[in-house]
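Counting from 1, one number per residue, gives the positions in the sequence shown under my numbering. Note that beta-carbon positions come from the ideal geometry of N, C-alpha and C, so glycine has one too. Fair warning: this is a prediction, and the values are worked out from it, not measured in the lab.
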Amino acid sequence: MDTCAASELHELQVALHETLVVQVRYSVPKLALAAESAFESYEKAECSEASAPNAGGSIDPLIYSECEIKLTRQRIQQMRGDLLGLTGGH
1 MDTCAASELH ELQVALHETL VVQVRYSVPK LALAAESAFE SYEKAECSEA SAPNAGGSID
61 PLIYSECEIK LTRQRIQQMR GDLLGLTGGH
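So, in structure tokens, the structure goes:
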């Protein structure tokens, strides 16, 4: 994984964690955490599949991290949308 992708992924993971903390506060914590666990399993499987054609190659880690970045960004957007509904847009 290159430095730029690693940095972007780290920033997104921090944002995802912060969003999860808020979501847990405004929803059923057990369900929010279960949904996040399911997302992590999905992300791992999806990104493994996406990078499989390049397994063992030098581009493999970059393909995997780009997939993680894309899915993490989508997850944050989804969670923030859900939060708008839970908080009434506040």
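DSSP state of residue i mapped onto helix, strand, coil
{"i": "I59", "result": "coil"}
{"i": "G88", "result": "coil"}
Neighbourhood of residue i by C-beta, 6 Å cutoff - its chain only, sequence neighbours within 5 removed
{"i": "N54", "result": "D60, I63"}
{"i": "V24", "result": "A32"}
{"i": "A35", "result": "none"}
Start and end residues, alpha helix (DSSP H) containing residue i
{"i": "V21", "result": "3 to 26"}
{"i": "P29", "result": "29 to 51"}
When the options are compared against residue i, the one with the closest alpha-carbon
{"i": "Y42", "options": "D2, G85, Q74", "result": "Q74"}
Residues near residue i by beta carbon distance below 8 Å, same chain, minus five either side
{"i": "A5", "result": "L62, S65, E66, I69"}
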